[in-house]
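These protein sequences, in sequence, are chains A and B.
In terms of the numbering used here, the first sequence opens at residue 31 and continues consecutively.
In terms of the numbering used here, the second sequence opens at residue 31 and continues consecutively.
Backbone N, C-alpha and C fix where the C-beta goes; we use that ideal spot for every residue, glycine too.
All values derive from a computational prediction rather than experimental measurement.
Comments concern the structure below.
There are 2 protein chains.
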Amino acid sequence: MLYPNGFKKNYKNNINYGNRGMKLEEDINESNIFYQTHNIGIIHKKPVPLTIARVDFPSRREAVVREAYFKTPSTTDYNGIYRGKYIDFDAKESKSKTSFPLNNIHPHQLAHLESILQHGGIAFLIVRFTTLDETYFLKAEDLLLFTQQTKRKSIPISFFREHAIIIPYKIHPRIDYLKVIDELYF
Amino acid sequence: MLYPNGFKKNYKNNINYGNRGMKLEEDINESNIFYQTHNIGIIHKKPVPLTIARVDFPSRREAVVREAYFKTPSTTDYNGIYRGKYIDFDAKESKSKTSFPLNNIHPHQLAHLESILQHGGIAFLIVRFTTLDETYFLKAEDLLLFTQQTKRKSIPISFFREHAIIIPYKIHPRIDYLKVIDELYF
Numbered sequence: 031m032l033y034p035n036g037f038k039k040n041y042k043n044n045i046n047y048g049n050r051g052m053k054l055e056e057d058i059n060e061s062n063i064f065y066q067t068h069n070i071g072i073i074h075k076k077p078v079p080l081t082i083a084r085v086d087f088p089s090r091r092e093a094v095v096r097e098a099y100f101k102t103p104s105t106t107d108y109n110g111i112y113r114g115k116y117i118d119f120d121a122k123e124s125k126s127k128t129s130f131p132l133n134n135i136h137p138h139q140l141a142h143l144e145s146i147l148q149h150g151g152i153a154f155l156i157v158r159f160t161t162l163d164e165t166y167f168l169k170a171e172d173l174l175l176f177t178q179q180t181k182r183k184s185i186p187i188s189f190f191r192e193h194a195i196i197i198p199y200k201i202h203p204r205i206d207y208l209k210v211i212d213e214l215y216f
Numbered sequence: 031m032l033y034p035n036g037f038k039k040n041y042k043n044n045i046n047y048g049n050r051g052m053k054l055e056e057d058i059n060e061s062n063i064f065y066q067t068h069n070i071g072i073i074h075k076k077p078v079p080l081t082i083a084r085v086d087f088p089s090r091r092e093a094v095v096r097e098a099y100f101k102t103p104s105t106t107d108y109n110g111i112y113r114g115k116y117i118d119f120d121a122k123e124s125k126s127k128t129s130f131p132l133n134n135i136h137p138h139q140l141a142h143l144e145s146i147l148q149h150g151g152i153a154f155l156i157v158r159f160t161t162l163d164e165t166y167f168l169k170a171e172d173l174l175l176f177t178q179q180t181k182r183k184s185i186p187i188s189f190f191r192e193h194a195i196i197i198p199y200k201i202h203p204r205i206d207y208l209k210v211i212d213e214l215y216f
């Protein structure tokens, strides 16, 4: 079942859209705004990639996209700069209490994270186990170690508890991932 | 007249879309692909930001965006990593032989470039004077110096000839801007 970027279809009634399923994304966006307004770091979510097939112009000054298709992203969703370093990450949720399914991550994204590491950037995943309300910072190095060393289709929560860092929930910023970066990299 | 991101309307006939006016963008994308495949640097163009208002699902596995609106971008179009540094830039064209109109650049983009500099990144514009077939690398520092010190509505070409670096056109990559970065920053 295709839920592109959190768009959900209720076949009985009307269409719900917007990332209703990803509160994590809202939290990260709030944190990014906090970071920008306080001049701590400049990190943005990349817009959803779409192939635009048709645009209407109801008037000279207005344009409406009338047909567009979701593209598979070739990169991760978030990147930017912090303390002079290139930062790159993706945010994922898991409803499971015991593991994080790897079908959540496209092979392109893994390759992208690996390239970023090779080029001297800071790359990671923010993974939230929603039913446990636990949010982890998982370094791309550890993610890639797991995917390259096992054929498993999901990462058990024990791996996170051993290798990843819990990001505590705060009022501002909600997901202080830059603080984790301070601890791990500086 | 609103031409969002290069979409052009011919009111007599049909709609042309795609960045037909920006060969510079094609050239930069070719260069970015070259840089990635040769593992020189990882730079991507950000997708066009759209506010999605309506999505149809013709079948379970297909989604079509049926209504979306172009957003004013709050950042520049390109960013990535090169030699461990965060890279950020925009690409602009000018048909004029004598100047580069500053209405090409949104105040948000100037503010964004300034923030990137403050945070230790490499920020610049690639400006092509299309009728002269001259492509310049203009450091954000110089761009901001100009906009902050004058009230002029365009940058004369003499400023580019004095402060900017010409990027020669090559076969591969077409716009070797990373080579200019090597000269200026390393």
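Rounded to the nearest whole angstrom, the CA to CA distance from B:Ser-89 to B:Tyr-99 is 24 Å. Taken through DSSP and simplified to helix, strand or coil, B:Ala-194 comes out as coil. Runs of alpha helix (DSSP H) with 4 or more residues, each lying fully within the stretch 42-92 of chain A, are found at 53-67, listed in chain order. DSSP, reduced to helix, strand and coil, places A:Ile-187 within a helical segment of the structure shown. Within the stretch 98-185 of chain A, the beta strand (DSSP E) runs of at least 3 residues that lie entirely inside it are, in chain order, 108-112, 115-124, 129-131, 152-159, 164-169. In the structure shown, the three-state DSSP call for A:Ile-211 is helix. At the C-beta level, A:Pro-77 and B:Pro-137 stay beyond 8 Å of one another. Look at A:Arg-204 here: in three-state DSSP terms it is coil, with no helix or strand label. When B:Gly-151, B:Ser-184, B:Ser-61, B:Pro-198 are compared, the shortest CA-CA separation from B:Lys-169 is found for B:Gly-151.
The closest CA to that of B:Tyr-207, considering only B:Val-157, B:Leu-162, B:Gln-178, is found on B:Val-157. Contacts with chain A at 8 Å (Cβ-Cβ) do not include B:Lys-209.
Chain-order list of chain A residues neighbouring B:Asn-109: Asn-109, by C-beta distance under 7 Å. In summary, the residues of the stretch 94-125 of chain B whose CB is separated from some CB of chain A by less than 9 Å are Val-94, Val-95, Arg-96, Glu-97, Ala-98, Tyr-99, Phe-100, Lys-101, Pro-103, Ser-104, Thr-105, Asn-109, Gly-110, Ile-111, Tyr-112, Arg-113, Gly-114, Lys-115, Tyr-116, Ile-117, Asp-118, in the order they occur in the chain. Taking C-beta separations shorter than 7 Å and ignoring five residues to either side along the sequence, the partners of A:Tyr-65 in its chain run Gly-71, Ile-73, Pro-203, Leu-208, following chain order. Taking 9 Å as the cut-off between beta carbons, the residues of the stretch 147-163 of chain A near chain B are Gln-148, His-149, Gly-150, Gly-151, in sequence order. Rounded to the nearest angstrom, the Cβ distance from B:Lys-125 to B:Thr-102 is 23 Å, too far for a contact under 8 Å. At a beta-carbon threshold of 7 Å, the residues of chain B lying near A:Ile-72 are Ser-145, Ile-146, His-149, ordered along the chain.
When Cβ-Cβ separations below 8 Å define contact, A:Pro-79 makes contact with chain B.
A direct Cα-Cα distance of roughly 11 Å separates B:Lys-122 from B:Asn-133.
Not one beta carbon of chain A lies nearer than 8 Å to the beta carbon of B:Lys-183. Under the criterion of beta carbons closer than 8 Å, B:Asp-57 and B:Ile-205 qualify as touching, at roughly 5 Å.
In this structure, B:Tyr-215 sits away from B:Phe-190, with a CB-CB distance that is not shorter than 8 Å.
Neighbours of A:Lys-76 across chain B, judged by C-beta separation under 7 Å: Lys-76, Pro-77. Between the alpha carbons of A:Ile-146 and A:Ala-83 lies a gap of roughly 31 Å. Counting every other CB atom within 10 Å of its CB across the protein chains shown gives A:Thr-81 a total below 16, marking it as exposed. With fewer than 16 other Cβ atoms from the protein chains shown falling within 10 Å of its own Cβ, A:Thr-128 counts as exposed. Beta-carbon to beta-carbon, A:Glu-144 and A:Leu-174 are separated by about 6 Å, close enough to satisfy the 8 Å threshold. Considering only A:Ile-187, A:Pro-198, A:Pro-131, A:Asp-212, the residue with the shortest C-alpha distance to A:Lys-181 is A:Pro-131.
Distance between B:His-142 and A:Ala-141, taken at the CA atoms: about 28 Å. Taking C-beta atoms as the reference points, B:Arg-96 and A:Glu-97 count as a pair closer than 8 Å.
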